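Novice: Quick one: the structure is below, questions incoming.
2 protein chains.
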Amino acid sequence: MRFHLECRECSTPYLPQKVAICENCLAPLDVVYENVKIEKSELELREKNMWRYFELLPISSKKSIVNLGTGFTPLLKAEKISESLGVSLYLKNDTVNPTLSFKDRPAGVAVSKAVEFGDKAVCCVSTGNLAASVAAHASKAGIEAYVITPQNIEREKFTQIAAYSAHVIAVKGTYDDANRLAALASLELGWNVVNITSRPYYVEGSKTIAYEICEQLAWNVPDFVVVPCASGALLRSIHRGFKEFYEAGLIYSLPRLVGAQAAGCAPLVKAFYRGTTEIEPVKEPDTVAKSIAIGDPADGKYAIRSVLETDGCMEEADDREIVEAIRLLASKEGVFAEPAGGVTVAVTKKLVELGFIEKGSSVACCITGNGIKAQELVLEGFSPPVIEPDIKELARAVSGEVEELHAKS
Amino acid sequence: MRFHLECRECSTPYLPQKVAICENCLAPLDVVYENVKIEKSELELREKNMWRYFELLPISSKKSIVNLGTGFTPLLKAEKISESLGVSLYLKNDTVNPTLSFKDRPAGVAVSKAVEFGDKAVCCVSTGNLAASVAAHASKAGIEAYVITPQNIEREKFTQIAAYSAHVIAVKGTYDDANRLAALASLELGWNVVNITSRPYYVEGSKTIAYEICEQLAWNVPDFVVVPCASGALLRSIHRGFKEFYEAGLIYSLPRLVGAQAAGCAPLVKAFYRGTTEIEPVKEPDTVAKSIAIGDPADGKYAIRSVLETDGCMEEADDREIVEAIRLLASKEGVFAEPAGGVTVAVTKKLVELGFIEKGSSVACCITGNGIKAQELVLEGFSPPVIEPDIKELARAVSGEVEELHAKS
């Protein structure tokens, strides 16, 4: 056996089965790998997707892998933003994963694991990135996907989910009601709800972001890594990834981790500034960054611990700053991010201005999802000039700057 | 000088400047490379994006490259469709390029070339994939993008274009009116309209699809490559790509090329079956595959020549077959394609059934764009059951199959 499960708090070991919570202390379980040996030179020859890190993923047989080509997404130098901030800013561009978000990493692992368990179906509660990713991987695996969602979600949100032929069940109630129902389905019906039933495996997928950043910077580690925080699992998973590469002797330092939240739902930032890991839930999240607006984050305290352990911090950005950052990223760097990506860039900007991120530092920002899924934000105020099909009107429409804009060849 | 331009018909040579049409015979110009030397072993070490083929791209200096990480998109084995058709089907998944379509390849080259020419702006006529890609690359390059579009286009189509802060100019008229205006702007205002003014360079980007297929099949060549045809330039460019690799001694055979069109706009298919390269324009295209509905394709005759030269064919699929193929791809292989991708898969299916593609053949299908841009197609008839947040109702909603669907761990 290459890995087993272990309680995050009391270290009780478990066989790598479909179990997520410690029987003794009810804390979450983590995957622990045994005798990992991994060579840079061998790694560099492998296929450029997240399955190249097979030794550090909780899948027993390569045959179980459900591969849509996830991972090894571009790490782009944000040249103009770097220059204006005085840092070296890199964008980890997960907007181009198979279903257009980082969720393909955890969902890819969870659905592969479901195949290994012999499950004929997987389930999740989501109306967004997670549902699309679970649905796509279930399609590829040839198993069913059940997506539980609150009622009254805009129809357009279901485009990907409908395309991948997932079974959608709308619940008369809130997101919380849908989540409680899924937890019950996991317990009482034995459903594999990927982010509940299979959580120890599911969260492992996201740490491949850390591995890739190391490789893409030629085995160097950035000074800071900025991660959006919803449940907190992504930040903790990325921290694990860096630690595992450090312990395997592949890198020689760890980055300082920054957790980024939207001001309209920032329970981790608030706890961090109160100097505690005890989270006060936010009852009514109110932000444009809906994909990370989790009021009572399950892995919140662990995310804060990771931040403290690496001498990092938690910071928030408000809706205006988030939308500005989305526009900045798209119009200066050609990367169109959903609000969660805007949050990381806005927080980076703020921390440079505050001096927490020193000038000259290298910073990697996680751009976790594609802006095309949050179109209403950028279309506000969009109103192009309308002209007759006439060359003089065209020239006027671009306000006389035409001559100087175009060089002669 | 590593490359020059040459007339496609009369072979008159030109310096590699901003010129697209032969002065003598008005035929299009092509880029011709001189003394290309490229080694497999060296190539395999390079960065995994389309700029790894620098020697075969018409950019003079690597400094001009506008790199958003385009290319080296996954080549996925479509396992279930392969099995049902009795062929080895591979999907060249360009739905995950930076702006979610293959257009990042030609637009990436054209905008890099504009940087090299010293242009301060680029222009295109498009409401879809091309405009999004030109806008994103212009942002990254720090130059302006002007997008000319017919009036009365649905607002949602502009999501990406608005995000990347392109200047949109709506024309009172049809798509043809907008195109004529852009051609005039190129001629009279000296604008760099990427697919007109810079066409010889622009079309070069798409051939990287051919290079990547060769590399991703370990330097083997599939028996067939199926390409959607709009202007015809994509198919011809892919043909060029395979020929260049063949001439460089990197591969030892050429694939048979299949051009795929929607029945509602299939001038190339019609010409092919009439046994001619003379295209009769389609006056009123009528198909769901809007991104490839070009009634009078500029490179049509060259696409037919490529098909004839490789012993391939042209074939069409109707709207029902296209939508069915989109659903098949998404629900069996986890890839959500726009209609142009549906066309290639539908045509492949038809040609296997007709026996033109023999059982046991290997086939690569170009999946050129992401289905999320054509959401109305898959949401038709989407109507999930609505339940109370109650575990019994949930179990009933999935119609009693729950028990047997879930294995015990």
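In the order they appear, the protein sequences are chains Y and B. Numbering that gives the first Met the number 0 applies: residue 0 is where the first sequence begins, and numbers increase by one. Numbering that gives the first Met the number 0 applies: residue 0 is where the second sequence begins, and numbers increase by one. For every residue, glycine included, the Cβ atom is placed at its ideal position computed from N, Cα and C. Computed from a prediction, not measured in an experiment: that's the story for all the values here.
Could you confirm whether any beta carbon from chain Y is found closer than 8 Å to the beta carbon of Val202(B)?
Specialist: In the second sequence, the residue the question calls residue 202(B) occupies position 203. Output row for Val202(B): interface = no.
Novice: To which residues does DSSP link Phe223(Y) through a beta bridge?
Specialist: Residue mapping note: residue 223(Y) aligns to position 224 of the first sequence, counting from 1. According to DSSP, which records beta bridges pairwise, Phe223(Y) is partnered with Arg255(Y) and Val362(Y).
Novice: Within the same chain, show all residues whose beta-carbon is closer than 8 Å to that of Thr173(Y), passing over the 5 residues directly before and after it, in chain order.
Specialist: Within the first sequence, numbered from 1, the residue matching residue 173(Y) stands at position 174. Closer than 8 Å at Cβ, skipping near neighbours: Pro149.
Novice: Counting only C-beta atoms, is Glu314(B) closer than 8 Å to chain Y at any point?
Specialist: Taking the second sequence and counting its residues from 1, the one referred to as residue 314(B) is at position 315. Chain Y contact via Cβ: absent.
Novice: I want to see whether chain Y comes within less than 8 Å of Ala396(B), judged by CB atoms only; does it?
Specialist: What you label residue 396(B) is simply residue 397 of the second sequence in a count that begins at 1. Ala396(B) counts as touching chain Y.
Novice: Nearest chain B C-beta to Glu216(Y) closer than 8 Å, yes or no?
Specialist: Start at 1 with the first residue of the first sequence, and residue 216(Y) comes out as number 217. Note on residue identity: the sequence assigns Leu, not Glu, to residue 216(Y). Chain B, which has no Cβ nearer than 8 Å to the Cβ of Leu216(Y), makes this no.
Novice: Taking the CB atoms as reference points, tell me whether Ala113(Y) and Val377(B) lie closer together than 8 Å.
Specialist: Here residue 113(Y) refers to the residue found at position 114 of the first sequence. Here residue 377(B) refers to the residue found at position 378 of the second sequence. At a Cβ-Cβ threshold of 8 Å, Ala113(Y) and Val377(B) do not count as neighbours.
Novice: Quick check: the Cα distance between Tyr210(Y) and Val362(Y), rounded to an integer number of angstroms?
Specialist: Numbered from 1 along the first sequence, position 211 holds the residue referred to as residue 210(Y). Numbered from 1 along the first sequence, position 363 holds the residue referred to as residue 362(Y). Their backbone Cα atoms lie some 15 Å apart in a straight line.
Novice: Are the beta-carbon atoms of Ala265(Y) and Glu315(Y) separated by less than 8 Å?
Specialist: Residue mapping note: residue 265(Y) aligns to position 266 of the first sequence, counting from 1. Residue mapping note: residue 315(Y) aligns to position 316 of the first sequence, counting from 1. Yes, Cβ-Cβ distance for Ala265(Y) and Glu315(Y) is below 8 Å.
Novice: Could you check if Pro97(Y) is buried or exposed, using at least 16 other CB atoms within 10 Å of its CB as the buried criterion?
Specialist: One-based indexing of the first sequence puts residue 97(Y) at position 98. If you draw a 10 Å sphere on the C-beta of Pro97(Y), you find 16 or more other C-beta atoms in it, and that means buried.
Novice: Are the C-beta of Gln150(B) and some C-beta of chain Y separated by less than 8 Å?
Specialist: For this step, residue 150(B) is matched to residue 151 along the second sequence. Chain Y contact via Cβ: present.
Novice: Hey, how far is the Cα of Glu357(Y) from the Cα of Pro338(B)?
Specialist: For the purposes of this step, residue 357(Y) is identified with residue 358 of the first sequence, where counting begins at 1. For the purposes of this step, residue 338(B) is identified with residue 339 of the second sequence, where counting begins at 1. The straight-line gap from Cα to Cα measures roughly 48 Å.
Novice: Ignore the nearest five residues each way along the sequence and tell me which others in Ser327(B)'s own chain have a CB closer than 6 Å to its CB.
Specialist: What you label residue 327(B) is simply residue 328 of the second sequence in a count that begins at 1. Ser is not the amino acid found at residue 327(B); the sequence shown has Leu there. So no residue of the chain qualifies.
Novice: Can you give the beta carbon distance from Ala324(Y) to Ser164(B), rounded, assuming they're within the 8 Å contact cut?
Specialist: Working through the first sequence from its first residue, we reach residue 324(Y) at position 325. Working through the second sequence from its first residue, we reach residue 164(B) at position 165. 14 Å between Cβ atoms; not a contact.
Novice: Please specify which runs of the beta strand (DSSP E), each continuous and at least 3 residues long, are wholly inside the segment 54-87 of chain B, giving them in chain order.
Specialist: 74-76
Novice: Please state the DSSP three-state secondary structure of Asp310(Y).
Specialist: Stepping through the first sequence from its first residue, residue 310(Y) is reached at position 311. Here Asp310(Y) sits in coil by DSSP.
Novice: Using a Cβ-Cβ cutoff of 8 Å, what residues of the segment 153-178 of chain Y are near chain B? List them in chain order.
Specialist: Arg154, Glu155, Phe157, Thr158, Gln159, Ala161, Ala162, Tyr163, Ser164, His166, Val167, Ile168, Ala169, Val170, Lys171, Gly172, Asp176 and Ala177
Novice: Between which two residues does the alpha helix (DSSP H) carrying Leu234(Y) extend?
Specialist: Along the first sequence, read from residue 1 onward, the residue named residue 234(Y) stands at position 235. Leu234(Y) -> alpha helix (DSSP H) spans Ala232 to Glu246.
Novice: Under 8 Å, with one C-beta from each stretch per pair, do the segment 190-204 of chain B and the segment 212-225 of chain B reach the 3-pair mark?
Specialist: Of all C-beta pairs linking the segment 190-204 of chain B to the segment 212-225 of chain B, fewer than three are shorter than 8 Å, placing the two stretches out of contact.
Novice: The segment 331-346 of chain B: which residues have C-beta closer than 7 Å to a C-beta of chain Y, in chain order?
Specialist: Lys331, Glu332, Gly333 and Phe335
Novice: Starting from Val351(Y), trace the beta strand (DSSP E) both ways and give me its first and last residue.
Specialist: To locate residue 351(Y), count along the first sequence from 1; it is residue 352. Careful: Val351(Y) lies outside any beta strand (DSSP E), inside the alpha helix (DSSP H) at Pro338 to Leu353.
Novice: Check Lys463(B) in the structure and name its three-state DSSP category.
Specialist: Given a span of 0 to 408 for chain B in the structure shown, any question on residue 463(B) remains unanswerable.
Novice: So with Cβ pairs under 8 Å, would you call Ala135(B) a contact of chain Y?
Specialist: On the second sequence, position 136 is the one that residue 135(B) refers to. Interface residue, yes.
Novice: Can you tell which of Phe116(B), Phe157(B) and Pro57(B) has its C-alpha closest to the C-alpha of Gly380(Y)?
Specialist: Within the first sequence, residue 380(Y) is the residue found at index 381, counting from 1. Nearest option by C-alpha distance: Phe157(B).
Novice: Could you name the residues of the same chain whose beta carbon sits closer than 7 Å to that of Val65(Y), not counting the 5 residues immediately before and after it, in chain order?
Specialist: The residue labelled residue 65(Y) in the question sits at position 66 within the first sequence. So the qualifying residues of the chain are Gly107, Val110, Ser111, Val114, His136, Lys139 and Ala140.
Novice: With a 10 Å radius around its C-beta and 16 neighbouring C-beta atoms as the bar for buried, classify Lys331(Y) as buried or exposed.
Specialist: Your numbering for residue 331(Y) matches position 332 in the first sequence. Lys331(Y) comes out buried.
Novice: Decide if Thr347(B) is buried, meaning its Cβ has at least 16 other Cβ atoms within 10 Å, or exposed.
Specialist: In the second sequence, counting from the first residue as 1, residue 347(B) sits at position 348. The residue in question, Thr347(B), is buried, as its Cβ has 16 or more Cβ neighbours within 10 Å.
Novice: Check the Cβ-Cβ distances between Gly107(Y) and every residue of chain B, and say whether any is below 8 Å.
Specialist: For this step, residue 107(Y) is matched to residue 108 along the first sequence. Not closer than 8 Å to any Cβ of chain B, the Cβ of Gly107(Y) fails to qualify, so no.
Novice: Using a cut-off of 7 Å between C-beta atoms, extract the partners of Leu393(B) located in chain Y.
Specialist: As a working mapping, residue 393(B) is identified with position 394 in the second sequence. Near Leu393(B) (Cβ distances below 7 Å), the residues of chain Y are Ile168, Leu180 and Ala184.
Novice: Can you name, in chain order, every residue of its own chain whose Cβ lies under 8 Å from the Cβ of Asn409(B), other than the five neighbours on each side?
Specialist: Only positions 0 to 408 of chain B appear in the structure, and residue 409(B) is not among them; the question remains open.
Novice: Using a beta-carbon distance below 8 Å, is Tyr145(B) in contact with chain Y?
Specialist: The sequence position of residue 145(B) within the second sequence is 146, counting from 1. Yes, Tyr145(B) counts as interfacial toward chain Y.
Novice: What first and last residue would you give for the beta strand (DSSP E) that runs through Tyr145(Y)?
Specialist: Numbered from 1 along the first sequence, position 146 holds the residue referred to as residue 145(Y). Unbroken beta strand (DSSP E) run through Tyr145(Y): Glu143 to Pro149.
Novice: Which chain A residues are close to Gly240(Y), counting only those with a beta carbon under 9 Å from its beta carbon?
Specialist: Absent here is chain A; the protein component of the structure consists of chains Y and B.
Novice: Pull up the distance between the alpha-carbon of Leu350(Y) and that of Pro73(B), whole angstroms please.
Specialist: As a first step, residue 350(Y) is located in the first sequence; it is residue number 351 there, counting from the start. As a first step, residue 73(B) is located in the second sequence; it is residue number 74 there, counting from the start. Straight-line Cα distance between these residues: approximately 37 Å.
Novice: Should Ala324(Y) be flagged as near chain B, meaning a C-beta pair shorter than 8 Å?
Specialist: By 1-based counting over the first sequence, the position of residue 324(Y) is 325. Interface residue (Cβ-Cβ distance to chain B less than 8 Å): Ala324(Y) is not classified as such.
Novice: Are Ser132(B) and Lys17(B) touching if we call contact CB-CB under 8 Å?
Specialist: By one-based count along the second sequence, residue 132(B) stands at place 133. By one-based count along the second sequence, residue 17(B) stands at place 18. No; because the gap between Cβ atoms is not below 8 Å, this pair is not in contact.
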